[in-house]
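In the working numbering, the protein residues as written are 216 to 339. C-beta: ideal position from N, C-alpha, C; glycine also. Let me begin by presenting the structure, written as structure tokens, before commenting on it.
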Amino acid sequence: MKIVPLFLGVATGAIAGAAAVLLSTPKSGSEVRISLKSTSNDLRDKLSDIKYQMQDLKNSIGNLTKESKEVIPNAIEEIKADVEQWKNETAPLQAKLQAEISSIQSAIEEMEKALPKKKEAATN
Numbered sequence: 216m217k218i219v220p221l222f223l224g225v226a227t228g229a230i231a232g233a234a235a236v237l238l239s240t241p242k243s244g245s246e247v248r249i250s251l252k253s254t255s256n257d258l259r260d261k262l263s264d265i266k267y268q269m270q271d272l273k274n275s276i277g278n279l280t281k282e283s284k285e286v287i288p289n290a291i292e293e294i295k296a297d298v299e300q301w302k303n304e305t306a307p308l309q310a311k312l313q314a315e316i317s318s319i320q321s322a323i324e325e326m327e328k329a330l331p332k333k334k335e336a337a338t339n
């Protein structure tokens, strides 16, 4: 199939369709032209607004990406430093708690050893 006849047929159909619409509209030619011009201007303004908003969005995404590349590593380093500081501050407390737990366990073991001796002495 050749492309030239296809495009010629599409163009002829579009022209015929446009002519049929123009001839069958309830508005006069000048009213149609004014309406088309108004619609065209509205679409142009809307497209311009969309283009501006897309550019603004693109700039915002770029700025957000740049800031995140700077902020996130710093935040991670601060969190690591805070965790390390917490570990250093709690290390003496952990050692003290371990010592107290060991002494409590020793006291319990001594009490368990002493209880059977008291029971034997009470039964004799």
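Measure the C-alpha to C-alpha separation of residue i and residue j and round it to an integer number of angstroms.
i, j, result
"residue 277", "residue 290", "20 Å"
"residue 297", "residue 307", "17 Å"
"residue 286", "residue 309", "33 Å"
"residue 231", "residue 271", "42 Å"
"residue 321", "residue 279", "59 Å"
"residue 305", "residue 264", "58 Å"
For residue i, which residues in the same chain have their Cβ closer than 7 Å to its Cβ, ignoring the five residues on either side in sequence?
i, result
"residue 303", "none"
Can a CB atom of chain C be found closer than 8 Å to the CB of residue i?
i, result
"residue 302", "Here there is only one protein chain, and chain C is not present."
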